[in-house]
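Presented below is the structure to which this report refers.
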Amino acid sequence: MSALRLAAIALLGVWHRDAAAQETPPPAAAPPVSFARQIAPLLTARCAGCHQPAKAGGKVLLTRHAELLSSGDPDEPLLVPGAPEQSALLAVLLPREEKPPRMPKGAAPLAAAEVELLRRWIAEGARDDTPAAAATTFTMEQPPVYAQQPVITALDFSPDGAMLAVSGYHEVLLYSVDPSGRSATLAARLVGLSERIQTAVFSPDGARLLVVGGSPGRFGEVQLWDVAQRKLERSLPLGRDTLYGGSWSPDGKLVAFGGGDHSVRALDVASGELVFFNAASEDLALDTAFSIDGSHLVSAGRDRALKLFQVATQQFLDNVTSITPGALKGGLQAVDRHPREDALLIGGADGTPKTYKMHRTQKREIGDDFNKLKGYAPLAGRLFAAEYAQDGARFVVGASAAGKGEVRVYALENEAPLWSLPLPTAIYAATWRPDGALLAAGGFDGTVHLIDAASGSVLARFPAAPLQP
Ligand code: HEC
46 MSALRLAAIA LLGVWHRDAA AQETPPPAAA PPVSFARQIA PLLTARCAGC
96 HQPAKAGGKV LLTRHAELLS SGDPDEPLLV PGAPEQSALL AVLLPREEKP
146 PRMPKGAAPL AAAEVELLRR WIAEGARDDT PAAAATTFTM EQPPVYAQQP
196 VITALDFSPD GAMLAVSGYH EVLLYSVDPS GRSATLAARL VGLSERIQTA
246 VFSPDGARLL VVGGSPGRFG EVQLWDVAQR KLERSLPLGR DTLYGGSWSP
296 DGKLVAFGGG DHSVRALDVA SGELVFFNAA SEDLALDTAF SIDGSHLVSA
346 GRDRALKLFQ VATQQFLDNV TSITPGALKG GLQAVDRHPR EDALLIGGAD
396 GTPKTYKMHR TQKREIGDDF NKLKGYAPLA GRLFAAEYAQ DGARFVVGAS
446 AAGKGEVRVY ALENEAPLWS LPLPTAIYAA TWRPDGALLA AGGFDGTVHL
496 IDAASGSVLA RFPAAPLQP
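Here you go:
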């Protein structure tokens, strides 16, 4: 940074203080800048994707207050409380001579008001007002320590069936599952920024794991992990709330997800660019699925609608389900696309699994539910999981009712289930091993159940997370 620029910042700081001292009565003093409410969200949104424990650009960490004082180059401290002009954190945000600001790397510079906020916070002493609960840092080296099991919200088998991804707190746990389905051993812990994990799904080739989640009221995040290296390839913090319902395009080039801001987005995996954005939903979009050829995307929302979008134009095309009030009771929670055709399986608050055609072949008549293919025998409570088997002939659903749960498998042609397994806890996730012989299910109590897909009997149970690190 040029000496001139440094002097200008220093002067600005002095001028502010003098001006405030001379004016009588003083203007209503702006409250001090809050790290927890103002600075941390800014750093998370604009910087933490590249500066977090699992991915530390230039060895700089920008996710917690303590890191601002300890990480980076000791000769150029990130943060000198009270001295913005000596803080590298601010220097990298300002243009140098003719050159644009160094950070955020490869992205639009921060707005002047954001830079000023950071300057003011440093000038005011760079105090940490983070609530104790949010102050802990978890890293790959220091993974979360569990006093009780995490609620399981996501489960997925790798395409070769050898690995099961299980959502934890601040992490996804990878288990290698014995082919017999009778045992599993913890193989890796993928610890990231997000406290809550809503989705963990392997890419079609198994090389990557998509993790979607966030920290409620703070940020949403999309993570892409290199499975073999156990390495975070990309972290994209987005918005102020948890993201949901991640899915891969069949060619593995895009990932889609829904957001608390009622939007559906898709990200180009190679470039990290957002290539799709649509906010047509009236409520949370909780799950997504691509069409067979990747040209279309559907979202299932708490607003009860199954919405169809065209990926290339980012346009909303149709409500797949009926939009007649009362036709669908309660919101939708899960959607999955059939492995070989553009048919959709949905589950939600009414407890009834249903299948739909993705594309309308007849003009919509007011109140019709033309795309509906079939409804199945309902479960008690709400459905949180719904997934077709790779054979395309069966599907599994997982339900929660008054603290208890149920896993059911249906054959597509029959309304009644092939089998039903009541469980003593709410079920939020259920998934097939790709060979169709084994299922995994889990939910509120943090127990993973490995279930024989032919009979519905439990072959093994194990806790999602180790109680000792
Ligand atoms: C796209 C990734 C990316 C983003 C986003 C990003 N950084 Fe960086 N940052 C890096 C990398 C990589 C380095 C290492 C030096 C380099 O390659 O330029 C770095 C280095 C730094 C350094 C060390 C000093 C230096 O210039 O090398 C600071 C300080 C820094 N970043 C601050 C920030 C801040 C503040 C933000 C958000 C406003 C931010 N970065 C956003 C990737 C990023």
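Start counting the sequence shown at 46; every next residue gets the next number (my numbering).
Even for Gly, the Cβ is constructed at its ideal location relative to N, Cα and C.
Check, Outcome
"For GLY290 and ALA245, I'd like the C-alpha separation in whole angstroms.", "9 Å"
"For TRP166, count neighbouring C-beta atoms within 10 Å of its own C-beta (all shown protein chains included) and say buried if the count is 16 or more, exposed if not.", "buried"
"Just to confirm my understanding: we take PRO511, look at its own chain, exclude 5 residues before and 5 after, and list those with CB closer than 8 Å. What are they?", "TYR191 and LEU231"
"May I have the straight-line CA-CA distance separating ALA136 from GLY258, to the nearest angstrom?", "32 Å"
"Can you find a heavy atom of the ligand HEC that lies under 6 Å from the Cβ of LYS352?", "no"
"Which residue from VAL256, ALA233, ARG227 and ALA498 puts its Cα closest to that of SER239?", "VAL256"
"What residues match up with PRO467 in a beta bridge as DSSP calls it?", "GLU451"
"In whole angstroms, what is the alpha-carbon distance linking GLY284 and ALA422?", "39 Å"
"One question on the structure: do PRO188 and ARG234 come within less than 7 Å of each other, judged by their Cβ atoms?", "yes"
"Out of curiosity, what's the CA-to-CA distance linking LEU495 and SER116?", "43 Å"
"Quick one: grab the DSSP three-state call for VAL160.", "helix"
"What's the call for PRO70, buried or exposed, on a 16-neighbour Cβ count within 10 Å?", "The pLDDT assigned to PRO70 is 46, lower than 50, so where the model puts this residue is not dependable, and the model offers no usable value."
"Distance, Cα to Cα, CYS92 vs GLU112?", "13 Å"
"Can you list, in chain order, the stretches of the alpha helix (DSSP H) that have 4 or more residues and sit fully within the region 146-223?", "157-168"
"Compute the beta-carbon to beta-carbon distance between LEU331 and ARG347, rounded to the nearest angstrom, for a pair I have assumed lies under 8 Å.", "6 Å"
"Under three-state DSSP, which class holds GLU240?", "strand"
"What did DSSP end up calling THR487 once you bin it into helix, strand or coil?", "Here residue 487 is Gly; the residue named in the question, Thr, does not match the sequence. Three-state DSSP puts GLY487 in a strand."
"Less than 7 Å between the beta carbons of GLY206 and ALA99, yes or no?", "no"
"Alpha carbon to alpha carbon, how far is GLY448 from THR470?", "6 Å"
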